[in-house]
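Enquirer: Residue numbers (the numbering used here): 928 to 1303. Cβ atoms here follow ideal geometry from the backbone N, Cα and C, with glycine treated the same way. Quick caveat, the model's predicted, so the values are computed rather than measured.
In C-alpha cells form, the structure reads like this:
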C-alpha cells in the first residue's frame, strides 16, 4: 500500500514538472469599485469610487452618487477634487498617475433599523449597495481602574474599563474603538486664553484587548510567548462575536494605554496650530496651556458581513505576502452590485471619562505638568 502511494505521488510530481498551463487574459475591461465605512455617530460620510482595469486603477470622477434611506432620497454626494490630480504615485507594481480613488461626501443621519441604499452611476458603470443599520446595544455600566499587566517579561500600566452590556438578539457582532479629545488653550501672561491659540485636538485611543478572552475570541495574550499565536491574525480592529455569551449580559475589560497628564509629557502640538501663519514655536512652547482631556470608548454593533470583512482585513494586515505560504489565501468579501467593493455600517454607543483640567507650565520643549484624574 505504501509503495502504491509513493508511486502515485512520484507520477503526479513528474506530470506537474512538464505540464504547461496557458492562461488567457481577457480584454482590459473596466470594473467599478465602491468602498465606504458608515456609522450612526457621524453626520458627514465619505464614499470612495474607482475604476479597476488590468493596466491601471484610478479614481472614478464625475459620477452621480445618490443615497437613499428607507426608499427616500436623502443626499446627493459631492465629489472632492484633489489638490493635485496629476501627481504620480508609485507602488510595488509601477507608477500611477492620479489618485487611486475619488472621494464623494454627503450628509445624512442613520438610525438603527434604517435601510440604506447607495447608488453610483457614470456611463456603463452602475454600482449599488443596500444594507440595514444594526441595532444599538446598551452599556449598563462602566467602571475604570488602573492595572499593571505583564506580557513576555514587560510590565505596563493601563486604564482598565470594565464594561457591562446586554447582548443583542440572534448572532451578534461587535467592535471596540476609542478616541482621546483634548480641549487646549494657550494662556497669556494674565492667565487668559491667547487669541487664536485655543481649540480641540483629537487622537485615536490606543486599546489593548489581547488580555480579554472574549474580545480576543480565545486567542488572547498570556504571561509567556504563544508560538501558535504566530499563525493567528492579530485582532487589530478589536472585533468579536457573541458566541461565548449569546443572549446574555456580557462583561468585557479592554485596556487603554493610559497616562495621567501629570505622568509624562504633552508631546504633540494641537491640530489648530496648523492654521497659524509663521508661528513663533519658541514663544508658543514657553506659554502655559490649559488642558481638559476626555477619553471616549466606543462599542460598535455590526452585521456578519462587516465582521467578515474586518476579519479578512486583519488577515491581510497580519500576514500580507510574507507569510502567505503558511495560511490560506484571503479573499475580501464584496457587497456591491455591478462591481466590486464593500460598504459597511456600524451602530455606535459611546462612554466618556475625563481627567481633571490641568494647567501645564511652558518650557523650552520639555513640558511637565500637574493635575489629577477623576471618573466622570
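Please report the Cβ distance between residue 1032 and residue 1049, rounded to the nearest whole angstrom; I am assuming they are in contact, meaning their Cβ atoms lie under 8 Å.
Expert: About 17 Å separates the CB atoms of residue 1032 and residue 1049; that is not less than 8 Å, and the two are not in contact.
Enquirer: Can you tell me where the beta strand (DSSP E) holding residue 1081 begins and where it ends?
Expert: Looking at the DSSP string, the run of the beta strand (DSSP E) that includes residue 1081 is 1081–1093.
Enquirer: Exposed or buried, residue 1135, counting other C-beta atoms within 10 Å across all chains shown (16 or more means buried)?
Expert: Residue 1135 should be labelled buried.
Enquirer: Starting from the N-terminal side, write out each stretch of the beta strand (DSSP E) that is 3 residues or longer and does not extend beyond the stretch 1200–1264.
Expert: 1216–1229
Enquirer: Determine, using beta-carbon pairs with one atom in the stretch 1193–1208 and one in the stretch 1167–1185, whether at least three such pairs fall under 8 Å.
Expert: no
Enquirer: Quick check: what's the CA-CA separation for residue 1206 versus residue 1125?
Expert: 14 Å
Enquirer: Can you tell me which residues form a DSSP beta bridge with residue 1049?
Expert: 1052
Enquirer: Hey, residue 970 and residue 1034 are a contact pair by Cβ (cut 8 Å); roughly how many whole angstroms apart?
Expert: Rounded, the Cβ-Cβ distance is 6 Å, consistent with contact.
Enquirer: Below 8 Å on the Cβ atoms is my contact criterion, and I expect residue 1217 with residue 1284 to pass it. Report the Cβ-Cβ distance as a whole number of Å.
Expert: 6 Å
Enquirer: Taking just the CA atoms, how far does residue 1101 sit from residue 1265?
Expert: 29 Å
Enquirer: Evaluate residue 1282 with the Cβ neighbour count: other Cβ atoms within 10 Å of its Cβ, from every protein chain shown; 16 or more gives buried, anything less gives exposed.
Expert: buried
Enquirer: Let me check understanding here. Comparing Cα to Cα, which of 962, 989, 959 and 967 lies closest to residue 1225?
Expert: Nearest C-alpha to residue 1225: 967.
Enquirer: Is the number of C-beta pairs between the stretch 1174–1181 and the stretch 1085–1094 that are closer than 8 Å three or more?
Expert: yes
Enquirer: Output the distance between the C-alpha atoms of residue 942 and residue 1026, rounded to the nearest integer angstrom.
Expert: Below a pLDDT of 50, predicted positions are generally treated as unreliable, and residue 942, at 41, falls in that range; the measurement from the model is reported next regardless. Their Cα atoms are separated by approximately 45 Å.
Enquirer: Is it buried or exposed, residue 1072, if we count other Cβ atoms within 10 angstroms and call 16 or more buried?
Expert: exposed
Enquirer: When we look at the beta-carbon of residue 1109 and count the other beta-carbons within 10 Å, is it buried (16 or more) or exposed?
Expert: buried
Enquirer: Secondary structure at residue 983, three-state DSSP: helix, strand or coil?
Expert: DSSP places residue 983 in coil when its eight states are reduced to three.
Enquirer: Would you check if the distance between the CB atom of residue 965 and the CB atom of residue 976 is smaller than 8 Å?
Expert: no
Enquirer: With distances taken Cα to Cα, identify the nearest neighbour of residue 1269 among 1277, 1231 and 1286.
Expert: Nearest of 1277, 1231 and 1286 to residue 1269, Cα basis: 1231.
Enquirer: Would you be able to state if there are at least three C-beta pairs under 8 Å between the stretch 1075–1094 and the stretch 1109–1119?
Expert: no
Enquirer: Please confirm whether residue 1161 and residue 1241 have their CB atoms less than 8 Å apart.
Expert: Their beta carbons are under 8 Å apart, which means residue 1161 touches residue 1241 by this criterion.
Enquirer: State the Cα-Cα distance for the pair residue 1140 and residue 1113, rounded to the nearest angstrom.
Expert: 43 Å
Enquirer: Under the rule that 16 or more other beta-carbon atoms within 10 Å means buried, what is residue 1008, buried or exposed?
Expert: exposed
Enquirer: Would you please state the rounded distance, in angstroms, between the beta carbons of residue 1045 and residue 963? I believe it to be under 8 Å.
Expert: 7 Å
Enquirer: Going by beta-carbon coordinates alone, are residue 1084 and residue 1030 separated by less than 8 Å?
Expert: no
Enquirer: Can you check whether the CB of residue 1086 is closer than 8 Å to the CB of residue 1142?
Expert: no
Enquirer: Since residue 1110 sits in a beta bridge, which residues does DSSP pair it with?
Expert: 1127 and 1219
Enquirer: Use the C-beta contact count for residue 1152: other C-beta atoms within 10 angstroms, 16 or more gives buried, fewer gives exposed.
Expert: Note on residue 1152: pLDDT 45, under 50, position unreliable in the model; the coordinate value appears next. Residue 1152 should be labelled exposed.
Enquirer: Give the C-beta separation of residue 1277 and residue 1223 to the nearest angstrom, bearing in mind that I take them to be a contact with Cβ-Cβ under 8 Å.
Expert: That pair is a contact at about 6 Å.
Enquirer: Kindly indicate which three-state DSSP category residue 1170 falls into: helix, strand or coil?
Expert: helix
Enquirer: Compute the distance between the beta-carbons of residue 1271 and residue 1233, then report whether it is under 8 Å.
Expert: yes
Enquirer: Ordered along the chain, which non-local residues of its own chain (more than five positions away) have a Cβ less than 6 Å from that of residue 1074?
Expert: For residue 1074, where only same-chain residues beyond five positions count, the Cβ hits under 6 Å are 1085 and 1087.
Enquirer: Measuring straight from C-alpha to C-alpha, what distance separates residue 1118 and residue 1209?
Expert: 18 Å
Enquirer: Specify, as a first and last residue, the run of the beta strand (DSSP E) that residue 1078 falls within.
Expert: 1066–1078
Enquirer: Could you round the C-beta distance between residue 985 and residue 978 to whole angstroms and report it? I think they count as a contact, below 8 Å.
Expert: 6 Å
Enquirer: Once DSSP output is grouped into helix, strand and coil, what is the label at residue 1139?
Expert: coil
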